[in-house]
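Counting in my numbering, the sequence shown runs from 21 upward without gaps. Backbone N, C-alpha and C fix where the C-beta goes; we use that ideal spot for every residue, glycine too. The block underneath contains the structure these notes are about, expressed in structure tokens.
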Amino acid sequence: MATTPELRGSEPGGSGPGAPDPRGAASLSQLDLDQAAAFGSLYAERPPAPVAVVIAAYNEEATVATVVAAVPAQLCGLGTEVIVVVDGSSDKTAQMASEAAALVCDVPLNRGQGAALRLGYLLARQRGARFVLTSDADGQYQSDDMERVLAPLVNNEADFVSGSRRLGSTTSKDAVRNLGVVLFAGLITVLVRQKVTDPSCGIRAMRAEVTADVVLDQPQYQASELLIGTVMAGYRYKEVPIAMKARRHGKTKKGGNLLYGARFCSVVVGTWLRERRRSTKTKRS
Ligand SMILES: Nc1nc2c(ncn2[C@@H]2O[C@H](COP(=O)(O)OP(=O)(O)OP(=O)(O)O)[C@@H](O)[C@H]2O)c(=O)[nH]1
Ligand SMILES: [Mg+2]
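Structure follows, in structure tokens:
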């Protein structure tokens with residue numbers, strides 16, 4: 021098996037606060053490393069692009085091709101490529117994404133959106149991407165917003181940028197979900213002392229090395245772990261307005277509002293406690 025940058029223990033260009041430290045590697049399994057090696061060989065002939073648009077997709081055959089095809093060939097003057105990580109889908113998600121010219125990693129086992137994105141970040145770094153942008157395969161986010169999300173990184177105003185439906189708009193009429201966004205945004209704002217208005221927005225962009233530096237353990241409810249870990253590690257955070265649509269095809273993979281809320285809350289609190297412990301330890305040593 022090819023040795024990945026993770027196995028070597030450092031990455032070219034890593035430059036967050038402090039020395040390059042691929043902490044994200046701790047959560048990568050042998051399956052991830054094997055998949056990354058196979059993906060590397062499969063797409064060795066495809067020229068890489070500085071912007072990797074990483075999309076986790078699970079049973080999204082109705083929408084994934086449209087989402088992939090809508091990604092502009094260039095964002096902020098930089099070339100893009102789309103990496104779709106599918107895992108254990110029982111429909112034609114992988115085939116549809118591939119026919120739409122995405123680079124597809126089709127993992128045989130279903131492990132959740134967090135695990136899929138973590139692998140997607142590794143694949144993007146392995147191909148030398150400078151920036152990673154994420155979006156969802158269900159068509160809730162618009163390719164028109166991608167340039168706005170990427171621009172603060174390219175202009176070196178931020179290291180991590182999240183879209184915000186509250187600064188922009190949403191067509192969702194789900195009052196419980198919309199209230200949850202407000203409440204969790206308030207909680208995270210207080211915990212990390214950084215104004216956050218939308219902690220579960222799926223359209224985000226970051227410098228590629230951020231994805232290797234922040235601890236990412238969550239298999240499914242990954243959004244707040246990435247956000248809290250990034251802000252608490254001292255990276256510059258920015259939000260930009262985006263337009264979000266309610267899901268129109270397929271089913272949510274996150275469960276009903278109660279389960280989603282409970283899991284989200286436990287990830288927020290768990291990540292915050294973990295990062296506090298880590299920063300206390302770092303200060304002591
Ligand atoms: N590869 C992979 N992708 C997943 C998995 N679970 C969810 N996803 C993808 O992650 C993205 C977000 O999942 P959604 O179910 O839409 O979650 P959400 O947008 O937070 O919630 P909704 O507003 O209810 O759609 C979609 O592109 C899903 O296909 C998974 O287990 N594996
Ligand atoms: Mg969705």
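beta-carbon residue i near ligand 1 non-hydrogen atom, thresh 8 Å
i: K273; result: yes
i: D327; result: Absent from the structure is residue 327, since the part of the chain shown begins at 21 and ends at 305.
i: I75; result: yes
i: N79; result: yes
i: D158; result: yes
i: F179; result: With the sequence shown as reference, residue 179 is identified as Asp, and Phe is not the correct amino acid for it. Not under cutoff, so the answer is no.
i: R138; result: no
i: V106; result: yes
i: Q133; result: yes
i: N130; result: yes
i: Y141; result: no
i: Y63; result: no
i: R185; result: no
i: R197; result: yes
i: S182; result: no
6 Å CB neighbourhood of residue i in its chain, flanking five on each side removed
i: E65; result: none
i: A135; result: P239
i: A77; result: V84, V104, V106, T113 and A157
i: I75; result: V104, S155 and A157
i: T191; result: K265 and A266
Where residue i falls: helix, strand or coil (DSSP)
i: D41; result: Residue placement at D41 is poorly supported in this model, since its pLDDT is 39, which falls under 50; the coordinates still yield a value, given next. Coil.
i: E259; result: strand
i: R296; result: helix
i: L27; result: With a pLDDT of 30 at L27, under the threshold of 50, the modelled position of that residue is not reliable, and the figure given next carries that caveat. Helix, per DSSP.
i: S182; result: strand
i: Q55; result: helix
i: D194; result: coil
i: R168; result: helix
i: T302; result: helix
i: L278; result: helix
i: L236; result: coil
i: L199; result: helix
i: V216; result: coil
i: Q133; result: helix
i: G254; result: coil
i: S49; result: coil
i: A120; result: coil
Own chain, CB closer than 8 Å to residue i, minus 5 neighbours either side, in chain order
i: L129; result: L51, D107 and G108
i: T250; result: D179, F180, M226, V230, V234 and Y257
i: K184; result: Correcting the residue type first, residue 184 is Ser in the shown sequence and not Lys. T217, D218, C221, E259, V260, P261 and I262.
i: R294; result: V235
i: V288; result: F204, L207, I208, L211, P219, S244 and I248
i: S110; result: N79
i: Q47; result: The sequence given here places Ser at residue 47; Gln does not occur at that position. So the qualifying residues of the chain are R138, V235, L236 and D237.
i: L95; result: V71, L153, M166, E167 and L170
Cβ-heavy atom distance, residue i to ligand 2, below 8 Å
i: R17; result: The shown model of the chain, from 21 to 305, leaves out residue 17, and the question about it has no answer.
i: Q115; result: no
i: Q240; result: no
i: D165; result: no
i: G222; result: yes
Bridge partners - residue i, DSSP secondary structure assignment
i: G188; result: Paired residue(s): none; G188 is not in a bridge.
i: C221; result: The partner list for C221 (beta bridge, DSSP) is empty, contrary to what the question assumes.
i: E101; result: A72
i: S155; result: I75
i: C125; result: V105
i: R227; result: F151
i: Y161; result: M264
i: R139; result: Arg is not the amino acid found at residue 139; the sequence shown has Leu there. In DSSP, L139 forms no bridge with anything.
i: Q94; result: G99
Expected contact under 8 Å - CB spacing of residue i and residue j to nearest Å
i: L236; j: E229; result: Between E229 and L236 the Cβ distance is about 13 Å, and since that is not below 8 Å, they are no contact.
i: C125; j: L153; result: Contact flag wrong, Cβ pair sits at about 17 Å.
i: L123; j: Y63; result: 5 Å
i: G270; j: E80; result: 6 Å
i: Q242; j: L170; result: Not really, about 20 Å apart at Cβ, beyond 8 Å.
i: V91; j: G159; result: Wrong, their Cβ atoms sit about 12 Å apart, outside the cutoff.
i: R145; j: P70; result: Not quite, the Cβ-Cβ distance comes to about 12 Å (not below 8 Å), so this is no contact.
i: N277; j: V196; result: 5 Å
Cβ shell of residue i (< 7 Å), same chain only, five flanking positions each side left out
i: P32; result: Confidence at P32 is low in this model, with a pLDDT of 32, below 50, so its placement is unreliable and no value can be given for it.
i: A82; result: H269 and G270
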